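Numbering (this note's numbering), first residue to last: 446 to 666. Beta carbons are placed, not taken as given, at the ideal position from N, Cα and C, and that holds for glycine. Because the structure is a prediction, the values reported are computed rather than measured.
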Amino acid sequence: MGNYKVVTIDNTAAGSIELAPAIFEAKVKPDLLHAEVRRQLASRHAGTHSTKNRHAVSGGGAKPWRQKGTGRARQGTTRAAQWAGGGVVFGPVPRSYVHSLPRKVRAAALRSAISLRFQEDAVTILEDFPLEGYKTRRVVEILGSLGLSEESVLIVVAEADARVERSARNIPRVDVIRSIGLNVYDVLRHTRLLVTRAAIEALGERLQFKGRRQIREEPVS
Numbered sequence: 446m447g448n449y450k451v452v453t454i455d456n457t458a459a460g461s462i463e464l465a466p467a468i469f470e471a472k473v474k475p476d477l478l479h480a481e482v483r484r485q486l487a488s489r490h491a492g493t494h495s496t497k498n499r500h501a502v503s504g505g506g507a508k509p510w511r512q513k514g515t516g517r518a519r520q521g522t523t524r525a526a527q528w529a530g531g532g533v534v535f536g537p538v539p540r541s542y543v544h545s546l547p548r549k550v551r552a553a554a555l556r557s558a559i560s561l562r563f564q565e566d567a568v569t570i571l572e573d574f575p576l577e578g579y580k581t582r583r584v585v586e587i588l589g590s591l592g593l594s595e596e597s598v599l600i601v602v603a604e605a606d607a608r609v610e611r612s613a614r615n616i617p618r619v620d621v622i623r624s625i626g627l628n629v630y631d632v633l634r635h636t637r638l639l640v641t642r643a644a645i646e647a648l649g650e651r652l653q654f655k656g657r658r659q660i661r662e663e664p665v666s
């Protein structure tokens, strides 16, 4: 990939930045993207669904009629599954849907998602995102100058910035996230990425090293 252009909030040139091909030009792996999105959405699943079985339903303690001599089918309780108001057989019970993926797989999935947006030319790198006060109108103007007014935009900053977050939160289809929290699901559900220089550098550090070993480069096939 080499150098990638950097612009200001007024869409004027502000130099370039060197990006590692192993991270920002990695091979896109749809299977990893699918697995990671499923993992993220599963962790949001409350899992509080529940039904009552025959032991949890109130009533039904007495045998409804004697065992023999009535000509009717034998019954031991009015709370069996075949009765109206009876318990549910094999119904849903509270459970956790959380499942994990290896850390390296999650990192590879994020590299794939970011690389996909770079391949689509859907990434804009800003020199900085300066705001004076809390101005939603100013953020709208910045997005307009960058040609992103009609796009679904994910703004990625290096550190928490209350001015950017609060100014952008009322704009439809626009979200703000820190580079440390960038994830596959948020990347894929936005069509454009607006990343500050500091944030892209932080992402490079986050995804380049795992422990003491440098990741192996994966050329695009």
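Span separating the alpha-carbon of residue i from that of residue j
i, j, result
"Ser545", "Asp455", "42 Å"
"Asn628", "Val538", "30 Å"
"Lys497", "Tyr542", "20 Å"
"Ile468", "Ala552", "10 Å"
"Ala507", "Gly492", "34 Å"
"Leu478", "Ala526", "42 Å"
"His494", "Gly536", "9 Å"
"Ser612", "Ala529", "55 Å"
"Ser488", "Pro547", "15 Å"
"Ile462", "Gly447", "8 Å"
"Tyr630", "Pro509", "55 Å"
Buried/exposed call for residue i, threshold 16 Cβ in 10 Å
i, result
"Leu571", "buried"
"Arg524", "buried"
"Ala518", "exposed"
"Gly626", "exposed"
"His490", "exposed"
"Glu481", "buried"
"Val534", "exposed"
"Ala554", "buried"
Pick from the options that is closest to residue i, judged by C-alpha positions
i, options, result
"Arg618", "Ala553, Arg608, Leu638, Gly504", "Leu638"
"Gln485", "Phe574, Val601, Val632, Lys450", "Val632"
"Val601", "Ala644, Ala554, Arg634, Gly447", "Ala644"
"Glu646", "Arg623, Thr636, His635, Arg634", "Arg623"
"Ala471", "Arg614, Val609, Leu561, Arg634", "Leu561"
"Asp476", "Gln653, Arg556, Asp566", "Arg556"
"Arg634", "Ser597, Gln564, Leu464, Val550", "Ser597"
"Phe563", "Gly460, Ala458, Pro466", "Pro466"
"Gly532", "Arg582, Ala567, His500", "His500"
Same chain only: Cβ atoms within 6 Å of residue i, ignoring 5 sequence neighbours per side
i, result
"Leu674", "Nothing about residue 674 can be read from this structure; the chain reaches only from 446 to 666."
"Gly677", "Residue 677 lies beyond the residue range present for the chain, which begins at 446 and ends at 666; the question has no answer from this structure."
Other residues of its chain near residue i: CB distance less than 8 Å, five sequence neighbours each side excluded
i, result
"Thr569", "Val452, Leu591, Leu593, Arg637, Leu638, Leu639, Val640"
Residues of its chain near residue i, where Cβ-Cβ distance is below 7 Å and the 5 sequence neighbours each way are ignored
i, result
"Val609", "Phe574, Leu576, Ile600, Val602, Val621"
"Lys580", "Ser612"
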